[in-house]
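To start, the structure under review is shown below, and the notes come after it.
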Amino acid sequence: MDQLPEKPKALIIDDSAFQRHMLSVVCTEAGYLTVLVNNGVEAVAALQEMSFKLIVSDLEMPEMDGVQLIRELAKLEVKSKIVFVSGHSDSLLGAAKELAEQFGLSIAGTLKKPYVPENFLQLLLDESLLNPDATLNPRYKGQFQGMLSKRTVIQGIEEGAIIPFYQPKICRVQKKLMGFECLARWDTGNGRVLGPGSFIPTAEQYSLMPELTDAIIHQALADMTVWQTAGHRLPVSINISTDDLKDIAFPDRLEHITHKHDIPPSRIVLEVTETKVMEEARECLEVMSRLRLRGFGFAIDDFGTGYASLKQLQYFPFTELKLDRSYVAAAINHRPSLAVLETGIQLARNLSLSCIAEGIETEEQAQFLVSLGCPQHQGFHYAKPLPRDAVLAWTNERFHNSSHGHKVRRNYDLSHQNQTISETKKNRYP
Ligand code: C2E
Ligand code: MG
Ligand code: MG
C-alpha cells in the first residue's frame, strides 16, 4: 500500500461486482486511484489503512449496510467527500444524506440507480471533485466539451473575456426595480457568449476564483458608475466564492475599489451559496463580518439547497435570502418544495432579511410567490440576464424615477397582465 502513487484515492463500496466496476471506471476517469470493497466491514478496514478524498457507497449491502456504515465513518472522523448510491427511493437517499450530515460527514451528493455514468461525472464536476489529471473518455466529450481548460481560464481572466451580465430584481407589489444581479459570462469574441458552467468549475478547481471575482467586481463597479451618472443609483448583487471569503485582504480590496468608483458599499450585495458557506463557516465568518461592518450587504444564495439551520444562520451577517429556483419551479405541485419556500420566507422574516424568489418563469409562479408573502422576484418571466449595453435601455423603457429616487414601473400594470406578459416576452434577451 505504501507504494501507491500520490494520486487522490476513491473508496468504492458496493456488493455488486458490476456496480463496483462501473463506479470505478468513472472515478478513474475523474483522476482517482480506486480501491474497491464489497461491504462496510471491508471499507472500515481500508479506511484504517489509508485516507480517501472520495467515498462512493451503496446503501444496501450485506455484513454492514450503508446506514450502519455512516456511524462507523463518523467514529473514524472521516473527512472524505461521500456519495451515496441506491436503487431505493429518493427519500431514503435523502434520509441517509441527512443522517450523515448530522454525524458531521461531508456529503457530495446522492445517485439513484439506475444512473448513467454522465450523471455521476456531472456530480463530481459540480462538486469540484474532478482531479487535475482527469482523462475524460471521449464518450463524455459531448457533455464536457464546453468546459474551458485551466490555461484558457487564466488567459480569459487576464484578457477580459469574462464579462458581467445583469439580471433585474423587481418588487412585484411596489412595482419597483430593486437592482440587478451580476452574472459572469465568457465573451468568445465571435458573438458567442458562454455561461458560467463553462469556466467557474475550472476556476474553482484551480483556485482562480479570487482573480475571477476581482475581474467581475471591477467591471460591475465601472458599469454602476455609468448608470449612476445616468441617474440610476441601483444596488448590484455580485456572486462571490468561499475562496474570496477566506482571503483576509478581500475587505480592504473591495472597499478600495468601491471608493475609487464612488459607489457606497451599501449598494453592493455579495451573494454566497448556502451549501458552500455553511461547509466553511468558521473560515468565512471573519471576512464576512468585516465586510458587513463596512456596509456591504450579504445574500444567502440558493436557499434550500443546503442545510443551514436557524441557529447557524443567525450568526451570519446576512441581509437577504434568495429562495432557490428549483423550489420555485416545483412548489405549485409539490408540497415538500412548498414547505421549503414557506420555511425560507418565515426564516427571512424572523431574521429581518429581505427575501427574493429566484427563477420566476411564469405569471402563475409570480402570483403564487406573492400569495406566499414573497413579492421580490428575479427570473426569465421578467428578463433574462442582460449585457451591460442593454441595461439602461431596459430600465428606461420600463421604469421611471419616483419622487424618492426609486425606479418605479412605467408600463407594468397587474390589471393588464396579458399585455405585460407579451411585452416581457418580446423583450427577453435571447
Ligand atoms: P445564481 O447566483 O443562483 O444565479 C442565478 C442563475 O439562475 C443564473 O444562472 C441565472 O441566469 C439563472 N436564472 C435566472 N432566472 C432564471 C429563470 O427564470 N429560469 C432559469 N432556468 N434560470 C434562471 P447563470 O448565470 O448560469 O449562473 C449560474 C450560477 O453560476 C449562479 O447561480 C452563481 O452561483 C454562479 N455564478 C455566476 N456568475 C458568477 C460570478 O461572477 N462569480 C461566482 N462566484 N459565481 C457566479
Ligand atoms: Mg446568485
Ligand atoms: Mg441562486
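If you use this note's numbering, the sequence shown closes out at 436, no skipped numbers anywhere.
Note that CB positions come from ideal geometry on N, CA and C, so glycine has one too.
Beta carbon of residue i nearer than 8 Å to that of residue j
i    : j    : result
I168 : L117 : no
L214 : I163 : yes
T235 : K282 : no
V84  : L127 : no
V32  : P123 : yes
T325 : L183 : no
I351 : G379 : yes
M70  : G46  : yes
D268 : T208 : no
E364 : D330 : yes
K103 : S86  : no
L299 : L260 : no
W233 : L392 : no
I284 : Q320 : Going by the sequence as given, residue 284 is Met instead of Ile. No, the Cβ-Cβ distance between M284 and Q320 is not below 8 Å.
L353 : A337 : no
D220 : R394 : no
Segment limits, alpha helix (DSSP H) that includes residue i
i    : result
Q318 : L316 to Q320
I160 : K156 to E165
Q384 : First-last for Q384: undefined, no H or E at that position.
K119 : Neither: K119 is in no alpha helix (DSSP H) and is coded neither H nor E.
P174 : No alpha helix (DSSP H) holds P174; the beta strand (DSSP E) holding it covers I168 to C177.
K81  : G72 to K81
D395 : R394 to R404
S204 : Taken as a continuous stretch (DSSP letters only), S204 belongs to no alpha helix (DSSP H), as it is neither H nor E.
S343 : R341 to N356
D229 : M215 to T235
I362 : That residue, I362, is in no alpha helix (DSSP H); its beta strand (DSSP E) goes S360 to A363.
C-alpha distance - residue i paired with residue j, whole-angstrom precision
i    : j    : result
F374 : S315 : 25 Å
P14  : E133 : 15 Å
V238 : K328 : Residue identity differs from the one stated: residue 238 is His in this sequence, not Val. Whole-angstrom Cα-Cα distance: 23 Å.
S295 : V43  : 45 Å
Y146 : M153 : Summary for Y146: the model assigns pLDDT 44, below 50, so the residue's position carries little reliability, and this model does not support an answer.
G148 : E35  : Note that G148 has pLDDT 43, beneath the 50 cutoff, so the model's placement of it is unreliable and the number below is only indicative. Their Cα atoms are separated by approximately 15 Å.
C361 : Y172 : 19 Å
E48  : A345 : 40 Å
L189 : D20  : 40 Å
W192 : Q225 : 13 Å
P174 : F405 : 12 Å
N339 : E370 : 12 Å
P241 : P342 : 33 Å
G110 : V73  : 14 Å
L99  : R77  : 16 Å
R227 : G166 : First, the amino acid is wrong: residue 227 is Leu here, not Arg. So the two alpha carbons sit approximately 15 Å from each other.
Y38  : A51  : 19 Å
C290 : V278 : 10 Å
G195 : P202 : 16 Å
I427 : V41  : For I427, the pLDDT reaches just 32, beneath the cut-off of 50, and the residue's location in the model is therefore unreliable, leaving the point undetermined.
I306 : N356 : 15 Å
R156 : S377 : It is Lys, not Arg, that sits at residue 156 in the sequence shown. Each residue's Cα considered, the two are about 46 Å apart.
Residue i, buried or exposed, once every other Cβ within 10 Å from all chains shown has been counted against 16
i    : result
S243 : buried
A16  : buried
H262 : exposed
Q450 : As displayed, the chain neither begins before 7 nor continues past 436, which places residue 450 out of reach and without an answer.
Q161 : exposed
D96  : exposed
I1   : Any property of residue 1 remains undetermined from this structure, which presents the chain solely from 7 to 436.
L251 : buried
F90  : buried
V334 : buried
Q151 : Here the model assigns Q151 a pLDDT of 46, short of 50, so the residue's position is not dependable and the matter cannot be decided.
S440 : Outside the displayed range of the chain (7 to 436) lies residue 440, so it cannot be described from this structure.
Y388 : buried
D258 : exposed
F24  : exposed
K181 : buried
Start-to-end residues for the beta strand (DSSP E) that takes in residue i
i    : result
V275 : I274 to T279
G379 : Segment: none, G379 is in no beta strand (DSSP E) and carries neither H nor E.
M184 : K182 to D193
N245 : V242 to N245
K252 : K252 -> no beta strand (DSSP E), and no H or E assigned at all.
D307 : G303 to F309
E326 : E326 to L329
A36  : That residue, A36, is in no beta strand (DSSP E); it is neither H nor E in DSSP.
Rounded Cβ spacing between residue i and residue j (contact assumed at less than 8 Å)
i    : j    : result
T264 : I274 : 7 Å
S112 : I88  : 7 Å
P271 : G301 : 4 Å
C177 : Q384 : Going by Cβ atoms, the distance from C177 to Q384 rounds to 11 Å, so no, they are not a contact pair.
F309 : E280 : 6 Å
Q211 : L130 : Actually they do not touch by this definition, with Cβ atoms about 11 Å apart.
Near ligand 5: residue i beta-carbon under 7 Å from a heavy atom
i    : result
S213 : This structure does not include ligand 5; its bound ligands are ligand 1, ligand 2 and ligand 3.
Cutoff 8 Å: residue i Cβ touching any chain D Cβ
i    : result
V293 : Absence of chain D from the displayed structure is noted, only one protein chain being present.
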